[in-house]
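Visitor:
Residue numbers (the UniProt record's numbering): 1 to 1200.
(1) In this structure, does DSSP put residue 925 in helix, strand or coil?
(2) Which residue's Cα is closest to the Cα of residue 132: 69, 167, 151 and 43?
(3) So the alpha helix (DSSP H) residue 216 belongs to, where does it begin and stop?
(4) Return the CA-CA distance between residue 797 and residue 1063, expressed in angstroms with no decimal places.
(5) For residue 405, which of helix, strand or coil comes out of DSSP?
(6) For residue 376, count neighbouring Cβ atoms within 10 angstroms of its own Cβ and tell me buried if that reaches 16, exposed if not.
(7) Across which residues does DSSP place residue 788 in a beta bridge pair?
(8) Rounded to a whole number of angstroms, what is the C-alpha to C-alpha distance between residue 841 and residue 791?
(9) Is residue 256 helix, strand or coil by DSSP?
(10) What's the C-alpha gap between residue 939 and residue 932?
(11) For residue 1201, write down the residues that DSSP places opposite it in a beta bridge.
(12) Taking the C-alpha atoms as reference points, what is the distance between residue 67 and residue 640?
(13) What's the gap between the Cα of residue 221 and the Cα of residue 720?
(14) Grab the span of the beta strand (DSSP E) containing residue 976 for me, first residue to last.
(15) Look at the alpha carbon of residue 308 and the alpha carbon of residue 229, and state the distance between them as a whole number of angstroms.
(16) Could you work out which residue in 457, 626 and 946 is closest to residue 167 when comparing CA atoms only?
(17) CA-CA distance, residue 1196 and residue 433?
(18) Among 953, 833, 1089 and 444, whose alpha-carbon lies nearest the alpha-carbon of residue 1000?
(19) Who does residue 449 pair with in a DSSP beta bridge?
(20) Pull up the distance between the alpha-carbon of residue 897 and that of residue 1111, whole angstroms please.
(21) Could you give the residue range of the beta strand (DSSP E) that holds residue 389?
(22) Which same chain residues end up closer than 6 Å to residue 224 when comparing Cβ atoms and leaving out the 5 residues on each side of it in sequence?
(23) When the Cα atoms are used, what is the spatial distance from residue 72 to residue 715?
(24) With DSSP run on the structure shown, which of helix, strand or coil describes residue 434?
(25) Just to confirm, are residue 314 and residue 390 a CB contact at a threshold of 9 Å?
(26) Find the nearest neighbour of residue 188 within the set 158, 227 and 155, judged by alpha-carbon distance.
(27) Cα separation between residue 1034 and residue 995?
(28) Taking its Cβ as the centre, do 16 or more other Cβ atoms sit within 10 Å of residue 929, making it buried, or is it exposed?
(29) Check for me: the alpha helix (DSSP H) holding residue 622 runs from which residue to which?
(30) Helix or strand or just coil, what does DSSP make of residue 971?
(31) Nearest to residue 185 by alpha carbon, out of 142, 435, 218 and 800?
(32) In the structure shown, what three-state DSSP assignment does residue 680 receive?
(33) Sort out for me which residues DSSP pairs residue 844 with in a bridge.
(34) Leaving out five residues before and five after residue 341 in sequence, what residues of the same chain have Cβ atoms less than 8 Å from its Cβ?
(35) Going by beta-carbon coordinates alone, are residue 237 and residue 320 separated by less than 9 Å?
(36) Given this structure, state the Cα-to-Cα distance separating residue 108 from residue 677, to the nearest angstrom.
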């Protein structure tokens, strides 16, 4: 057993000699005191501060309580404490001696009882000698550090993530709204005969249009890429361009399928090979017959037709077989729907039914998911759920009814038309006009189901659950013993597919109906339920052995057998043409090159990272000081954190390095050894305004070895600027903070002494002092105190009037002052020698007391005068400014300024506080020629600046107030008569000389005609609204009912007026935005008119339009055609109960599928010329030739 270590001797306890004063600096464990503990104990004035005191403020002194924390990342340390050290792993602060560090692991360590606190991220955050917890952990793990390094130093996108995973099918990129085409392409690609036919097709040679631009060749390239591409997704942009599809418009998927098949059929018919000529009919086309039988003469008429899809009407929770039976049921033609029989030569009752005569190898069931709603005259999406089987016996649906009945009695294994489910096309979304198309397709190469969501391809574990046949049969046998269930569809057990986010569920086989007598439930298919499926694709299985189209064996339940899966390979003979393969191989070569280049960049980045990591780790593992006497450099904690993270974090904007007086530049550290520029990281966080170390930022300071600082500059090419030594603490800041610390110690002592002697009895002499000053000064931290400045005296400007009046005597207000004793005065007088408060023997100011008595008499007199004027001018007081001039018909009147009436009314309400108006000045309404500068009979001239009063009120005003001149008017027969003439030039100048004025906006109703210069009649000013702003209140209850968007709410109070303020420089656009806020009318719906002229120039200003002060504008709202879709499954209802029919759009018009010439096929950078150009900001439909939006002035994109 190794010998025990000797316990470290504890220091002996020494008491203080007699008469020695205990100094707080001798105490340990008090870090707060060790920084400023010398204030008041060792230093009482600023001149006594030494370098040791200044260093102590930042924890740099030799007797600092901050320990030299060991570096927990040092290679010599045996233990690596975690971020939050447990008691077992925490290391002591004290450095172990050399012999202890050299001890073996088996040594028994005796813990001393007097060890200090442990190192931790919280306890050592303020320790300048603790250099742990600065972000070194991010470098310790090489893999995590490298990942962060790659993100910070971008080496480009990794093309390997786009590499195809083995034989997994690839996705197709969505070019905006081409998901409908991508879904069908994935289904068609899995049809081997169709793919082979596409590969063998050769378009007719056309010198004008190269073969590479044809849709057939681009389809060949797309299929070749889906078969041989090294990428996980292919961009079919060339195919979309060749078909002239508008990539940003979503189209009907089924319409695209029919049109594209028709186009391919046309191309195939041009081929020499008979197999290619009839590929589309042979692979997808079936034949059906419509029979009509006259009930009178039994005459039968037949009409056969070909089909590419079997359309199936939806009914909730019905199976596909049920809907096929319903489609084949006879229909009776009677009543108004009678059939005209040629043999009977009259209208007769008849039966009409449909028969399937021939089925193609690949059968498409078109589920009528999108129907036309007669009530809304729009298409909508049906939410009916349909259940369809994994395989279906179509012999039960071919031929006449008698034949179908016989086939229903046969076993499914004898069927010649057994079809297996190969594809499900889905539409996600609530609306028929919006949504997303996806596909679930069975891949013939890997013999598995996949979910195709454009570029994203997800393997599905299985479209159907794995159910043991014996268990299934036992389950059915057990069910046979149960009593019969009531009529109706039995409950179905559902299982949601987790591989897809579609609304698809697996439903166990329902009990077969009487129509499906030959279908044994034990051998029946599984059913799939969906609310989003709109197309089902089935492929015929060979009648012997149930072969799949590629030759693999098929089980009775419609799934491929294990032997078939094992033997499944890429079908032989399906080889893309050389030119298509060349395009794909070129893409693969470019991808391989990109991967190789990325690998090279990654290799180089890894080498740079390894070098950088070694340098950084070597620096921070050796940057701790071993003693306080060692040369060190002071930097900020933030700068060290920035340096540690600069290689593995995205660069931030570094703060500028402030100029430093004391630090000197090291020329040898201006650049790295390799010549690359040096990066500067600022340490200004710890620098004061004097360019020295700021003691107020001591908590953010860190001390590192000078040699480590040089390595950061030389080896890593980074300089932490400015650089300081521990002695570079700012003496000015220390002196300022010393005074503040001293104040915090002395002020409470002084307040305590003052409180002991401040009280004074009523019969004792004392002094008056401001109560507000004394209340604040008594606080431990007075609000009046400003750092670095003495406290203001009690007679400072803010507190002087609390004690002394304006005459220099004792103020009469006793509530703002209090009495203190003579001893307390003497205590304060030592601090404020210039302060001389009045004694308690002094009487209050006689002048102030006299004025106080006189003011009461004056108030009484003012109130009396106001009441007399109010009684004398009662009509002006009650009716002026309220617009009630109906009683002034045929009554002599006069004009007075409205501001005078307002000031006069305010004086009447508070005569002792508000000054009485002095003069009544009407000169503002007169021009320099002595005539009127306004016309009382023109709307807008009688504005809010003038008020009409009775003539006798004017006579009374002339006696009470000085002023004039008289402007006499009289309302006779609806017209104002005036003695003075109107000066036309000065009137116009007055109405146009404004910086800001008010105008009236009148809201026109829906039935009001659009104003024109010919029909516009300027209304006479309504007396009830003269000089007043009419306020219109919009209540919440006015708009209750159906929930509306704020953007399309209607202004209900049509015909109302509202005044708004405008400026000369305000544009029409700014005015419309203001009206949007005032009336709630969207800018796009506003039509503004001025004297019958529409203001359609958004950039025109009020000055250029000639709008005068107090003018009138008309606002008419045009209904906006908005259809707002919610995030739920229901479209928002009509606005105000009336919904405008939706424009269906041009569908495939103008495209190659719509019948346009191939010669005008546009490139991906071209757009069709539209009849209108929609604004991208406000969606307003502008003219095709417009360059800027008429509503919001937003630049419009070029429509061509």
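Ideal Cβ placement from N, Cα and C applies to all residues, glycine included.
Just so you know, these numbers come straight off a predicted model, no measurement behind them.
Guide: In brief:
(1) Your numbering for residue 925 matches position 925 in the chain shown. In the structure shown, the three-state DSSP call for residue 925 is helix.
(2) Walking along the chain shown from the start, residue 132 turns up at place 132. With distances taken between Cα atoms, residue 132 lies closest to 69.
(3) As a working mapping, residue 216 is identified with position 216 in the chain shown. Taken as a continuous stretch (DSSP letters only), the alpha helix (DSSP H) holding residue 216 covers 215-228.
(4) Here the question's residue 797 lines up with position 797 in the chain shown. Here the question's residue 1063 lines up with position 1063 in the chain shown. Cα to Cα, the separation comes out at about 44 Å.
(5) Counting from 1 along the chain shown, the entry for residue 405 is found at position 405. Three-state DSSP puts residue 405 in a helix.
(6) Here residue 376 corresponds to residue number 376 of the chain shown, with the count starting at 1. Burial check for residue 376: the Cβ neighbour count within 10 Å stays below 16, so the residue is exposed.
(7) What you label residue 788 is simply residue 788 of the chain shown in a count that begins at 1. Paired residue(s): none; residue 788 is not in a bridge.
(8) What you label residue 841 is simply residue 841 of the chain shown in a count that begins at 1. What you label residue 791 is simply residue 791 of the chain shown in a count that begins at 1. If I take the Cα positions, the gap works out to 28 Å.
(9) To locate residue 256, count along the chain shown from 1; it is residue 256. DSSP places residue 256 in helix when its eight states are reduced to three.
(10) As a working note, residue 939 is residue 939 in the chain shown. As a working note, residue 932 is residue 932 in the chain shown. Taking the straight line from one Cα to the other gives about 15 Å.
(11) Nothing in the structure corresponds to residue 1201, since the chain is present only between 1 and 1200.
(12) Against the chain shown, residue 67 aligns to sequence position 67. Against the chain shown, residue 640 aligns to sequence position 640. If you take the alpha carbons of residue 67 and residue 640, they lie about 20 Å apart.
(13) In the chain shown, the residue the question calls residue 221 occupies position 221. In the chain shown, the residue the question calls residue 720 occupies position 720. Distance between the alpha carbons of residue 221 and residue 720 is about 58 Å.
(14) The residue labelled residue 976 in the question sits at position 976 within the chain shown. Note, residue 976: beta strand (DSSP E), 975-978.
(15) What you label residue 308 is simply residue 308 of the chain shown in a count that begins at 1. What you label residue 229 is simply residue 229 of the chain shown in a count that begins at 1. Looking at the backbone, the Cα of residue 308 and that of residue 229 are separated by about 31 Å.
(16) To locate residue 167, count along the chain shown from 1; it is residue 167. Cα-wise, what sits closest to residue 167 is 457.
(17) Reading the chain shown from its first residue, position 1196 is the one you call residue 1196. Reading the chain shown from its first residue, position 433 is the one you call residue 433. Computed Cα separation, rounded: 26 Å.
(18) Sequence index remark: in the chain shown, residue 1000 carries index 1000 (1-based). Nearest of 953, 833, 1089 and 444 to residue 1000, Cα basis: 1089.
(19) Position 449 of the chain shown, counted from the first residue, corresponds to residue 449. DSSP lists 442 and 460 as the beta-bridge partner residues of residue 449.
(20) Within the chain shown, the letter at position 897 stands for residue 897. Within the chain shown, the letter at position 1111 stands for residue 1111. Rounded to the nearest angstrom, the two C-alpha atoms are 20 Å apart.
(21) As a working note, residue 389 is residue 389 in the chain shown. Annotation: the continuous beta strand (DSSP E) that includes residue 389 extends over 386-389.
(22) Stepping through the chain shown from its first residue, residue 224 is reached at position 224. Apart from the 5 residues on each side of it in sequence, residue 224 sits with its Cβ closer than 6 Å to the Cβ of 576, 580, 581 and 584 in its chain, given in chain order.
(23) Translated into positions along the chain shown, residue 72 becomes position 72. Translated into positions along the chain shown, residue 715 becomes position 715. If you take the alpha carbons of residue 72 and residue 715, they lie about 23 Å apart.
(24) Your numbering for residue 434 matches position 434 in the chain shown. Residue 434 falls in the coil class under three-state DSSP.
(25) Walking along the chain shown from the start, residue 314 turns up at place 314. Walking along the chain shown from the start, residue 390 turns up at place 390. Contact: no.
(26) Taking the first residue of the chain shown as position 1, residue 188 is located at position 188. For residue 188, the nearest C-alpha among the options comes from 227.
(27) The count along the chain shown starts at 1 and reaches residue 1034 at position 1034. The count along the chain shown starts at 1 and reaches residue 995 at position 995. Note that residue 1034 scores a pLDDT of 34, beneath 50, so its modelled location is shaky and nothing firm can be said.
(28) As a working mapping, residue 929 is identified with position 929 in the chain shown. Result: exposed.
(29) As a working note, residue 622 is residue 622 in the chain shown. It is not in any alpha helix (DSSP H) - residue 622 carries neither H nor E in the DSSP assignment.
(30) The residue given as residue 971 occupies position 971 in the chain shown. In this structure, residue 971 counts as strand in the three-state DSSP scheme.
(31) Start at 1 with the first residue of the chain shown, and residue 185 comes out as number 185. It is 218.
(32) Translated into the one-based positions of the chain shown, residue 680 becomes position 680. If DSSP states are grouped into helix, strand and coil, residue 680 belongs with the strands.
(33) In the chain shown, the residue the question calls residue 844 occupies position 844. According to DSSP, which records beta bridges pairwise, residue 844 is partnered with 810.
(34) To locate residue 341, count along the chain shown from 1; it is residue 341. Same-chain partners within the cutoff: 294, 296, 297, 299, 347, 348 and 350.
(35) Locating residue 237 in the chain shown gives position 237, counting from the first residue. Locating residue 320 in the chain shown gives position 320, counting from the first residue. Cβ distance not < 9 Å, so residue 237 and residue 320 don't count as in contact.
(36) For the purposes of this step, residue 108 is taken as residue 108 along the chain shown, with counting starting at 1. For the purposes of this step, residue 677 is taken as residue 677 along the chain shown, with counting starting at 1. Caution is warranted here: a pLDDT of 48 is assigned to residue 108, below 50, making its placement in the model unreliable, and the coordinate value is therefore given only provisionally. Residue 108 and residue 677 have their C-alpha atoms spaced approximately 52 Å apart.
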